[in-house]
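First residue of the sequence shown: 8, per my numbering; consecutive thereafter.
Cβ atoms here follow ideal geometry from the backbone N, Cα and C, with glycine treated the same way.
Comments concern the structure below.
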Amino acid sequence: MIKVVKFGGSSVASAEQFKKVKSIIESDPKRKVVVVSALGKRFSKDSKITDMLYLLSYHIKYNVDSTAIFNQIVERYEEVKNELNISINLTREFDIIKENVKNGANEDYLVSRGEFLCAKMMASYLGYEFVDAEDVIFFKYDGSIDNEKTIEAVKSKFAEYKNIVVPGFYGTFPTGDIKLFSRGGSDITGSILAMALEVDEYENWTDVSGLLMADPRIVKNPKAISEITYEELRELSYMGASVLHEETIFPVKELNIPIHILNTNAPNDAGTIICRDSQNTDNIITGVSGKKNFTAFTIVKSMSVNKLAVIRDTLNALDKFNVVVEHIPTSIDSFSVIVENKSIEKSVYDIITEIKKVKGVISVEVDKDISLVAVVGRNMVLKPGISGKIFSLFGKNNINIKTIAQGTQEINIIVGISNNDFEKAIQTIYNGIVLGE
Ligand code: ASP
């Protein structure tokens with residue numbers, strides 16, 4: 008049995024956190040493949056090493072004296088090394104980095120050194136072998152992962168060493184240069200390693216005990232989600248709930264490898280398991296989340312024209328402005344197109360003009376005050392009447408529903424309401440459906 012275990016920035020932010028990581032790893036012999044982020048924040052006003060490295064890179068690019076920021080970065084690593092007596096020659100490591108940057112190494116190389124050094128130190132501290140991501144994670148020219156090459160390399164390194172630490176967040180581009188994933192990408196590294204080695208579980212250690220059923224800034228002490236499917240997670244994340252990089256599930260989904268979100272600071276908490284199917288029926292809904300600031304263009308068409316043609320031409324008009332459409336609720340002679348405010352801010356009048364040119368359009372109304380709230384749950388399929396319950400709860404609480412959309416798989420119900428009602432709507436759904444009040 009093998010587990011890939013990934014520790015995020017806050018889990019490796021200091022010597023104290025390194026100690027927690029070690030005790031977690033030593034408590035389960037299956038934890039053979041370790042992925043680490045760069046050192047994160049130790050306290051809320053602290054800086055992440057990755058942000059400091061970006062700053063360093065700007066200093067170098069614009070020829071601004073970078074000594075101070077460089078020294079601050081060195082200090083963070085030295086502190087951990089000294090406190091834990093880790094045998095690594097940091098002076099030499101930083102000299103190599105300086106030299107490579109001087110010789111034209113790209114920004115991705117410099118920024119990736121955050122995870123590189125963290126992994127080197129962690130490997131030495133744990134007595135595991137350091138395996139550089141540059142030797143096992145390979146990109147294609149289009150930016151996607153070269154699975155064949157990657158899987159082969161990962162398997163062969165693992166077969167050679169058995170217990171390894173790999174830096175997250177980067178790999179090698181076909182040109183031989185280092186290439187980063189997008190921010191938060193160490194999650195993806197863990198997922199790729201889990202896929203390549205077909206492991207039993209991918210543990211993702213962070214600073215929260217898993218996902219919560221609602222945003223704790225809105226709902227006081229929401230319940231934790233013990234199990235969630237890949238699809239549900241995608242729906243919830245898309246609507247604002249975030250704990251993992253959104254691309255994390257792709258590599259492991261096919262092989263049905265569960266991702267277990269756990270808390271480095273509370274390792275005995277149950278956390279959240281993300282998997283393909285879940286038999287857990289404790290709750291009717293899995294979670295509720297949402298986003299503010301959408302616009303609905305409501306289009307009324309002439310009775311004599313074909314609705315699909317008008318919808319198609321309207322979408323083509325929006326496409327000219329690169330607008331991403333979220334939902335299209337329809338009725339017989341009208342339909343709405345819901346889009347994020349930020350995608351139309353600069354072009355709203357031009358868009359209206361363009362839609363009005365569509366054959367058969369009688370009028371276009373614009374409502375810029377929309378929030379979307381998503382109620383997500385695989386168990387809703389088993390229970391008729393959830394939508395009815397949501398509508399009656401909203402009615403009782405004076406929340407006016409502007410639009411409704413339900414996905415065909417019935418794992419989500421999305422309701423459009425006024426921005427002012429956003430927090431109240433989430434609280435109402437939580438109280439009414441989760442707590443049954
Ligand atoms: N250190 C990188 C970041 O801050 C990558 C990661 O932590 O996953 O985005």
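Three-state secondary structure assigned by DSSP to Ser308: Numbered from its first residue, the sequence shown carries residue 308 at position 301. According to the sequence shown, residue 308 is Lys rather than Ser. Residue state, collapsed to three classes: strand.
What whole-angstrom Cβ distance do Ile195 and His252 have, given they're in contact under 8 angstroms? Within the sequence shown, residue 195 is the residue found at index 188, counting from 1. Within the sequence shown, residue 252 is the residue found at index 245, counting from 1. Sure, about 6 angstroms apart at Cβ, within 8 angstroms.
Can you give me the Cβ contacts of Phe25 inside the same chain, cut-off strictly under 8 angstroms, excluding the 5 residues immediately before and after it? Here the question's residue 25 lines up with position 18 in the sequence shown. Closer than 8 angstroms at the Cβ level, and outside the excluded window around Phe25, lie Val19, Val87, Leu91, Met128, Met129 and Tyr132.
Cβ atoms of Asp374 and Lys409: under 8 angstroms apart, would you say? Here residue 409 refers to the residue found at position 402 of the sequence shown. Here residue 374 refers to the residue found at position 367 of the sequence shown. The answer is yes: Cβ separation under 8 angstroms.
Given this structure, state the Cα-to-Cα distance separating Met8 from Phe165, to the nearest angstrom. The residue you call residue 8 lines up with position 1 of the sequence shown. The residue you call residue 165 lines up with position 158 of the sequence shown. Answer to the nearest angstrom: the Cα atoms are 13 angstroms apart.
For Leu243 and Ser343, the rounded distance between their alpha carbons: Taking the first residue of the sequence shown as position 1, residue 343 is located at position 336. Taking the first residue of the sequence shown as position 1, residue 243 is located at position 236. Rounded to the nearest angstrom, the two C-alpha atoms are 23 angstroms apart.
Local Cβ density within 10 Å of Ile406, reported as buried at 16 or more and exposed below that: Translated into positions along the sequence shown, residue 406 becomes position 399. Under this definition Ile406 is a buried residue.
In angstroms with no decimal places, state the Cα-to-Cα distance between Phe180 and Ile152. For the purposes of this step, residue 180 is taken as residue 173 along the sequence shown, with counting starting at 1. For the purposes of this step, residue 152 is taken as residue 145 along the sequence shown, with counting starting at 1. Each residue's alpha carbon lies about 9 angstroms from the other.
Please find out if some non-hydrogen atom of the ligand ASP comes closer than 7 angstroms to the beta-carbon of Thr435. The residue labelled residue 435 in the question sits at position 428 within the sequence shown. No - the ligand ASP has no heavy atom lying nearer than 7 angstroms to the Cβ of Thr435.
Cβ shell of Phe123 (< 6 angstroms), same chain only, five flanking positions each side left out: To locate residue 123, count along the sequence shown from 1; it is residue 116. Answer for Phe123: Pro174, listed in chain order.
So what does DSSP say about Ser258, is it helix, strand or coil? Numbered from its first residue, the sequence shown carries residue 258 at position 251. Rather than Ser, the amino acid found at residue 258 in this sequence is Pro. Of the three classes helix, strand and coil, the one that applies to Pro258 here is helix, per DSSP.
Can you find the residues in the same chain that come closer than 8 angstroms, C-beta to C-beta, to Tyr116, ignoring five residues on each side of it along the sequence? Counting from one through the sequence shown, the residue named residue 116 turns up at place 109. Excluding residues within five positions, the ones whose Cβ falls inside 8 angstroms are Asn107, Val108, Asp184 and Ile185.
Could you check the C-alpha separation between Gly178 and Phe137 for me, to the nearest Å? Position 171 of the sequence shown, counted from the start, is the residue given in the question as residue 178. Position 130 of the sequence shown, counted from the start, is the residue given in the question as residue 137. Cα to Cα, Gly178 sits roughly 15 angstroms from Phe137.
From this set, Leu60, Arg241, Met387 and Ala248, which residue's C-alpha is nearest Ile256's C-alpha? One-based indexing of the sequence shown puts residue 256 at position 249. Among Leu60, Arg241, Met387 and Ala248, the Cα nearest to that of Ile256 belongs to Arg241.
Taking C-alpha atoms, which residue in Ser354, Ile359 and Leu315 lies nearest to Asp340? Numbered from 1 along the sequence shown, position 333 holds the residue referred to as residue 340. Ranking Ser354, Ile359 and Leu315 by Cα distance to Asp340 puts Leu315 first.
Alpha carbons only, please: which of Met202, Gly150, Ser163 and Phe401 is nearest the one belonging to Leu187? Within the sequence shown, the letter at position 180 stands for residue 187. It is Gly150 whose Cα lies nearest to the Cα of Leu187.
Where Gly121 sits in the DSSP three-state scheme: Here residue 121 corresponds to residue number 114 of the sequence shown, with the count starting at 1. Looking at Gly121 - three-state DSSP - the assignment turns out to be helix.
Nearest by alpha-carbon distance to Asp35: which of Val42, Val12, Lys48 and Ser54 is it? Position 28 of the sequence shown, counted from the start, is the residue given in the question as residue 35. Comparing Cα-Cα distances from Asp35 to each of Val42, Val12, Lys48 and Ser54, the minimum goes to Val12.
If you draw a straight line from the alpha carbon of Lys55 to that of Leu379, how long is it in whole angstroms? Residue numbering aside, residue 55 sits at position 48 when the sequence shown is read from its first letter. Residue numbering aside, residue 379 sits at position 372 when the sequence shown is read from its first letter. If I take the Cα positions, the gap works out to 32 angstroms.
Nearest to Arg190 by CA position, among Gly278, Tyr61 and Ser338, is which residue? Numbered from 1 along the sequence shown, position 183 holds the residue referred to as residue 190. Out of Gly278, Tyr61 and Ser338, Tyr61 has the C-alpha closest to the C-alpha of Arg190.
Identify whether Tyr148 lies in helix, strand or coil by the three-state DSSP scheme. The count along the sequence shown starts at 1 and reaches residue 148 at position 141. Of the three classes helix, strand and coil, the one that applies to Tyr148 here is coil, per DSSP.
Using DSSP bridges, identify the partner residues of Leu269. The residue you call residue 269 lines up with position 262 of the sequence shown. Leu269 is bridged to Trp212.
Residue environment, Glu333, which counts as buried when at least 16 other CB atoms sit within 10 Å: Translated into positions along the sequence shown, residue 333 becomes position 326. By the 10 Å Cβ count, Glu333 comes out buried.
Curious, which full-length beta strand (DSSP E) runs of at least 3 residues does the stretch 338–376 contain? 341–347
Collapsed DSSP secondary structure at Lys169 in the structure displayed: The residue you call residue 169 lines up with position 162 of the sequence shown. Correct three-state label for Lys169: coil.
Tell me the residue span of the beta strand (DSSP E) that contains Ala324. Within the sequence shown, the letter at position 317 stands for residue 324. Element bounds for Ala324: not the beta strand (DSSP E) but the alpha helix (DSSP H), Lys314 to Asp326.
From Tyr209 to Ile232, what distance separates their C-alpha atoms? Within the sequence shown, the letter at position 202 stands for residue 209. Within the sequence shown, the letter at position 225 stands for residue 232. Each residue's alpha carbon lies about 17 angstroms from the other.
I'd like to confirm something about Ala45: is its beta-carbon nearer than 7 angstroms to some heavy atom of the ligand ASP, or not? What you label residue 45 is simply residue 38 of the sequence shown in a count that begins at 1. Yes, the ligand ASP has a heavy atom inside 7 angstroms of this Cβ.
When you compare only the Cα positions, how much space is there between Gly278 and Ala381? Sequence index remark: in the sequence shown, residue 278 carries index 271 (1-based). Sequence index remark: in the sequence shown, residue 381 carries index 374 (1-based). Roughly 22 angstroms separates the two Cα atoms.
May I ask which residues mark the beginning and end of the beta strand (DSSP E) holding Arg283? Here residue 283 refers to the residue found at position 276 when the sequence shown is read from its first residue. Here Arg283 belongs to no beta strand (DSSP E), and DSSP marks it neither H nor E.
Can you list, in chain order, the residues of its chain with a C-beta nearer than 6 angstroms to that of Ile438? Leave out the 5 residues immediately preceding and following it. Sequence index remark: in the sequence shown, residue 438 carries index 431 (1-based). Checking the sequence shown, residue 438 turns out to be Asn, not Ile. Contacts found: Glu444.
Please report the Cβ distance between Gly297 and Met220, rounded to the nearest whole angstrom; I am assuming they are in contact, meaning their Cβ atoms lie under 8 angstroms. Residue numbering aside, residue 297 sits at position 290 when the sequence shown is read from its first letter. Residue numbering aside, residue 220 sits at position 213 when the sequence shown is read from its first letter. About 13 angstroms separates the two Cβ atoms, so there is no contact after all.
Assuming Val161 contacts Val215 (C-beta within less than 8 angstroms), just tell me the rounded distance between them. Taking the first residue of the sequence shown as position 1, residue 161 is located at position 154. Taking the first residue of the sequence shown as position 1, residue 215 is located at position 208. So it is not a contact: roughly 28 angstroms between Cβ atoms.
Have a look at Ile80 and Val206 and give me their C-alpha separation to the nearest angstrom. One-based indexing of the sequence shown puts residue 80 at position 73. One-based indexing of the sequence shown puts residue 206 at position 199. Computed Cα separation, rounded: 35 angstroms.
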